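Everything below concerns the one structure shown next.
Number of protein chains: 2
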Amino acid sequence: MSDDRASQTECHRCPLRKQSIFRPLDENELNFVSRFKTGELTVDPGSTILLEENKTPHLYTILDGWAFRHKSLVDGRRQILNFAFPGDLLGLQLAILSEMQHTVTALTRTTLCVFQRDKVWSIFKEYPTLAYSMTWMAAREEQMVDGHLLSIGRRNAFERLAYLIIHLYERAKVAGYAGNQTFDAPFTQEHLSDALGITPVHTNRTLKKMQMRKLISWRSERIQILDRSGLEAVAAYEPEGDGQRPLI
Amino acid sequence: MSDDRASQTECHRCPLRKQSIFRPLDENELNFVSRFKTGELTVDPGSTILLEENKTPHLYTILDGWAFRHKSLVDGRRQILNFAFPGDLLGLQLAILSEMQHTVTALTRTTLCVFQRDKVWSIFKEYPTLAYSMTWMAAREEQMVDGHLLSIGRRNAFERLAYLIIHLYERAKVAGYAGNQTFDAPFTQEHLSDALGITPVHTNRTLKKMQMRKLISWRSERIQILDRSGLEAVAAYEPEGDGQRPLI
DNA sequence: CGGTCATTTGAAGGACCTCAAGCTTAGTGG
DNA sequence: CCACTAAGCTTGAGGTCCTTCAAATGACCG
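First to last, the sequence lines map onto chains A and B. If you count the first sequence from 1, position 109 lands on 764 in the working numbering, and the numbers rise without skipping. If you count the second sequence from 1, position 150 lands on 805 in the working numbering, and the numbers rise without skipping.
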């Protein structure tokens, strides 16, 4: 949660990394990014990146690592809203609404690209392409949360788990954390249960059932999808957007 | 679902109405809006404004009326993601991601302001203030969905209902559909149950219980909050953002 | 006044929760 | 190398919340 070593190198990877994956930044943008970026930050697993109450002046992009957005009731019941992967923007709500209503916590050792949030307005004024990308990411994030809401509201535990596994696999894949129907699982069953909206005990039983049916296996921090079409069938899975920013 | 009578009058109310509530549009923006707006559209209760599969070339703002965003599984189980009120933007996902993954349906007779979605990019290029407002609205919408996800995932039926009632009251209030702890309820118990993620039968029983405990009353299309602090207590309610766009 | 739709109520079953204990694993220090 | 600990995982038993099915009641409308 510290280690704010600034480095001006490879900045072009970060501001909206999705974009640089699909389209190289132009000169203006590169110039801008180097002005806008404050530095990099690496945090350990379990550390808080953004806290609900706090008003940090920062906005982040994940360069490497997993994190998760979550929100709790006063009595401690916690709901994981979504997981965050490289390229994802953290703290946009804070920058735009000047209020965060959720917390972001690192799941693995995570490297972030740090920006000044008070410069967001100047992005809109001077770099419409970047602004558009930010909005693109916000819209995409909302689309994912919509999907989770449908899942939590209308699927049973077994179906929810199937859906979440597929979702995580797909996201891990684009981040490079997956391969061959297998992906890293740097989380505990408790994290899963907080994402699924069920108890750890029931999550455990549901996982067991899913392994018993040879749909997945989970050994040593890795989850393998054994029967993709079987999983899709129980989840009533419908593929999400392909993650590609449209050409404008 | 038709009646596309164009009218150039009072356009300044619509493009991002929130904004015009808090700050008058400047000359540039007014000029822009009149170029950008296609017309107005009024739809009857129950009609579909935006359909998941469809690629309408339109983007809407609600001028008057209630609508709701929802999403279903293939077998028909439906989840209401959020309700939409005057000032809300509909179809931003379609415009930005070129893909809608939910449907929007009118709850009351609803009047919409219609825009061409392919002009969104020109907003970003030429009217950064409007672009910023659009992003503001997207961020706010996501914040609301986050709140619902916490609710559905971690509150029980009684608590969910309490939360939803307060939420709807607060939103109806800014839209002018509420007054004196009372608000319009242009929906059925089935809508409520789809928003809460529970069955109609259980929704009915939960409503009964809530009326029995003198927390609310529901008569002739109007819901009255009888005990606000009692409701807040059961919901563990925490106020949302004040809906005011920050000055930039 | 019949028909349709929303609401209401009952009874029974099942999904998920709670509580509680035992287990496994990895890390720590003697 | 072996306690010892702590955190996570596993399993059982019982209870509760919510669902399902089914039928009755009420409200509205032509």
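Idealized CB from N, CA, C, for every residue including glycine. This structure is a prediction, so every number in the text was calculated from the model and none was measured.
Would the region 837-845 of chain A and the region 883-892 of chain A be scored as touching if the rule is three or more Cβ pairs under 8 Å? no
**Asked** Does any C-beta atom of chain B lie closer than 8 Å to the C-beta of E796 (chain A)?
**Response** Here residue 796 (chain A) corresponds to residue number 141 of the first sequence, with the count starting at 1. Output row for E796 (chain A): interface = yes.
Delimiting residues of the beta strand (DSSP E) encompassing I704 (chain A):
Residue 704 (chain A) sits at position 49 when you count from the first residue of the first sequence. That run of the beta strand (DSSP E) goes 703-705.
Exercise. Mind checking the region 725-753 of chain A against chain B and listing, in chain order, the residues whose C-beta falls within less than 8 Å of any C-beta there?
Key: K726, S727, L728, V729, D730, R732, R733, Q734, L736, L747, Q748, I751, L752, S753
- Any idea which residues DSSP pairs S638 (chain A) with across the strands? With chain A running from 656 to 903 in the structure shown, residue 638 (chain A) is simply not present.
Item to complete: Could you pull out every unbroken beta strand (DSSP E) segment of at least 3 residues lying fully inside the region 760-830 of chain A, listed in chain order?
Response: 765-771
**Study point:** CB contact check: K864 (chain B) to chain A, cutoff 8 Å
**Key:** As a working note, residue 864 (chain B) is residue 209 in the second sequence. No, K864 (chain B) does not count as interfacial toward chain A.
Own chain, CB closer than 7 Å to E876 (chain A), minus 5 neighbours either side, in chain order:
Reading the first sequence from its first residue, position 221 is the one you call residue 876 (chain A). For E876 (chain A), where only same-chain residues beyond five positions count, the Cβ hits under 7 Å are D839, A840, P841.
- Task: Could you tell me whether the Cβ of V856 (chain B) comes closer than 8 Å to any Cβ of chain A?
- Result: Along the second sequence, read from residue 1 onward, the residue named residue 856 (chain B) stands at position 201. Answer no: the Cβ-Cβ gap between V856 (chain B) and chain A never drops below 8 Å.
Buried or exposed by the 16-neighbour rule on C-beta atoms within 10 Å, applied to R874 (chain A): Reading the first sequence from its first residue, position 219 is the one you call residue 874 (chain A). Classification for R874 (chain A): exposed.
Check your understanding: Can you check whether the CB of A750 (chain B) is closer than 8 Å to the CB of A793 (chain A)?
Key -> Locating residue 793 (chain A) in the first sequence gives position 138, where the first residue counts as 1. Locating residue 750 (chain B) in the second sequence gives position 95, where the first residue counts as 1. Not a contact, by the Cβ cut-off of 8 Å.
Q) When you compare only the Cα positions, how much space is there between L745 (chain B) and L816 (chain B)? A) Locating residue 745 (chain B) in the second sequence gives position 90, where the first residue counts as 1. Locating residue 816 (chain B) in the second sequence gives position 161, where the first residue counts as 1. Whole-angstrom Cα-Cα distance: 25 Å.
Legend entry - Cβ distance (whole Å) where T765 (chain B) is taken to contact D730 (chain B) below 8 Å: Counting from 1 along the second sequence, the entry for residue 765 (chain B) is found at position 110. Counting from 1 along the second sequence, the entry for residue 730 (chain B) is found at position 75. No, T765 (chain B) and D730 (chain B) are not in contact; Cβ-Cβ is about 29 Å, not under 8 Å.
| message | Please list, in chain order, the chain B residues whose beta carbon lies closer than 8 Å to that of A817 (chain A). | response | The residue you call residue 817 (chain A) lines up with position 162 of the first sequence. Near A817 (chain A) there are no residues of chain B at all, since even the closest Cβ is about 12 Å away, more than 8 Å.
So, using beta-carbon positions, are L736 (chain B) and H757 (chain B) closer together than 8 Å? In the second sequence, the residue the question calls residue 736 (chain B) occupies position 81. In the second sequence, the residue the question calls residue 757 (chain B) occupies position 102. A contact, by the Cβ cut-off of 8 Å.
Worksheet item: Which stretch, first to last residue, makes up the alpha helix (DSSP H) that contains T697 (chain B)?
Response: One-based indexing of the second sequence puts residue 697 (chain B) at position 42. No alpha helix (DSSP H) holds T697 (chain B); the beta strand (DSSP E) holding it covers 692-698.
Practice prompt. Could you spell out where the beta strand (DSSP E) holding I853 (chain B) opens and where it closes?
Written response: On the second sequence, position 198 is the one that residue 853 (chain B) refers to. Unbroken run through I853 (chain B): none, as it is neither H nor E.
Under 7 Å Cβ to Cβ from D882 (chain B), same chain only, skipping five residues before and after it: list those, please. Translated into the one-based positions of the second sequence, residue 882 (chain B) becomes position 227. Result list for D882 (chain B): K869, L870, in chain order.
Going along the chain, which residues of its own chain have a beta-carbon closer than 6 Å to the beta-carbon of G885 (chain A), five neighbours each way excluded? As a first step, residue 885 (chain A) is located in the first sequence; it is residue number 230 there, counting from the start. Same-chain partners within the cutoff: L870.
task = Check the Cβ-Cβ distances between F813 (chain B) and every residue of chain A, and say whether any is below 8 Å.
result = The count along the second sequence starts at 1 and reaches residue 813 (chain B) at position 158. Residue-level contact check: F813 (chain B) does not touch chain A, since none of the beta carbons of chain A fall below 8 Å from its beta carbon.
Item checked: Cβ of A786 (chain A) within 8 Å of any chain B Cβ -> In the first sequence, residue 786 (chain A) corresponds to position 131, counting from 1. It does; some Cβ of chain B falls within 8 Å.
Assuming G831 (chain A) and L752 (chain B) form a contact by the criterion Cβ under 8 Å, report the distance between their Cβ atoms to the nearest whole angstrom. Position 176 of the first sequence, counting from 1, holds the residue named residue 831 (chain A). Position 97 of the second sequence, counting from 1, holds the residue named residue 752 (chain B). Wrong, their Cβ atoms sit about 22 Å apart, outside the cutoff.
Cα-Cα, which of B:F738, B:E707, B:V800, B:Y818 is closest to T763 (chain B)? Translated into the one-based positions of the second sequence, residue 763 (chain B) becomes position 108. It is B:F738 whose Cα lies nearest to the Cα of T763 (chain B).
>> Using a Cβ-Cβ cutoff of 8 Å, what residues of the region 764-779 of chain B are near chain A? List them in chain order.
In response: W776, F779
Q.
As a quick exercise: from B:V775, B:M755, B:S848, B:V698, pick the residue whose alpha carbon is nearest that of F691 (chain B).
A. As a working note, residue 691 (chain B) is residue 36 in the second sequence. Here the closest residue by C-alpha is B:V775.
- Task: Assuming R615 (chain B) and L728 (chain A) form a contact by the criterion Cβ under 8 Å, report the distance between their Cβ atoms to the nearest whole angstrom.
- Result: Chain B is shown only over 656 to 903; residue 615 (chain B) falls outside these bounds and no answer can be derived.
Start and end residues, alpha helix (DSSP H) containing S884 (chain B): Here residue 884 (chain B) corresponds to residue number 229 of the second sequence, with the count starting at 1. Taken as a continuous stretch (DSSP letters only), the alpha helix (DSSP H) holding S884 (chain B) covers 883-890.
- Between L705 (chain A) and T760 (chain A), what straight-line distance do the alpha-carbon atoms span, to the nearest angstrom? The count along the first sequence starts at 1 and reaches residue 705 (chain A) at position 50. The count along the first sequence starts at 1 and reaches residue 760 (chain A) at position 105. When rounded, the distance between both Cα atoms is 7 Å.
(Q) Measuring only the C-alpha atoms, how far is T716 (chain B) from A833 (chain A)? (A) Here residue 716 (chain B) refers to the residue found at position 61 when the second sequence is read from its first residue. Here residue 833 (chain A) refers to the residue found at position 178 when the first sequence is read from its first residue. C-alpha separation (whole angstroms): 40 Å.
*Alpha-carbon to alpha-carbon, T854 (chain A) and A786 (chain B)*: Along the second sequence, read from residue 1 onward, the residue named residue 786 (chain B) stands at position 131. Along the first sequence, read from residue 1 onward, the residue named residue 854 (chain A) stands at position 199. A786 (chain B) and T854 (chain A) have their alpha carbons spaced roughly 42 Å apart.
Point to revise | Cross-chain neighbours of I807 (chain A) in chain B, by beta carbon under 8 Å | key: Here residue 807 (chain A) is taken as the residue at index 152 of the first sequence, counted from 1. Within chain B, the residues near I807 (chain A) are L804, I807, G808, G852.
Review point. What is the DSSP secondary structure of D849 (chain A), reduced to helix, strand or coil?
Key: The sequence position of residue 849 (chain A) within the first sequence is 194, counting from 1. D849 (chain A) falls in the helix class under three-state DSSP.
Q) Can you check whether the CB of L805 (chain A) is closer than 8 Å to the CB of A850 (chain A)? A) By 1-based counting over the first sequence, the position of residue 850 (chain A) is 195. By 1-based counting over the first sequence, the position of residue 805 (chain A) is 150. No, the Cβ-Cβ distance between A850 (chain A) and L805 (chain A) is not below 8 Å.
Would you verify that the beta carbon of D801 (chain B) is, or is not, closer than 8 Å to some beta carbon of chain A?
-> The residue you call residue 801 (chain B) lines up with position 146 of the second sequence. So, interface residue.
Determine the chain B residues that contact T790 (chain A) at a beta-carbon separation under 7 Å, and present them in chain order.
For the purposes of this step, residue 790 (chain A) is taken as the residue at position 135 of the first sequence. The answer, in chain order, is I751, M789, T790, A793.
query = Among residues of its own chain, excluding the 5 on either side of E887 (chain A), which ones have a beta-carbon nearer than 6 Å to its beta-carbon?
reply = Position 232 of the first sequence, counting from 1, holds the residue named residue 887 (chain A). Nothing meets the Cβ criterion.
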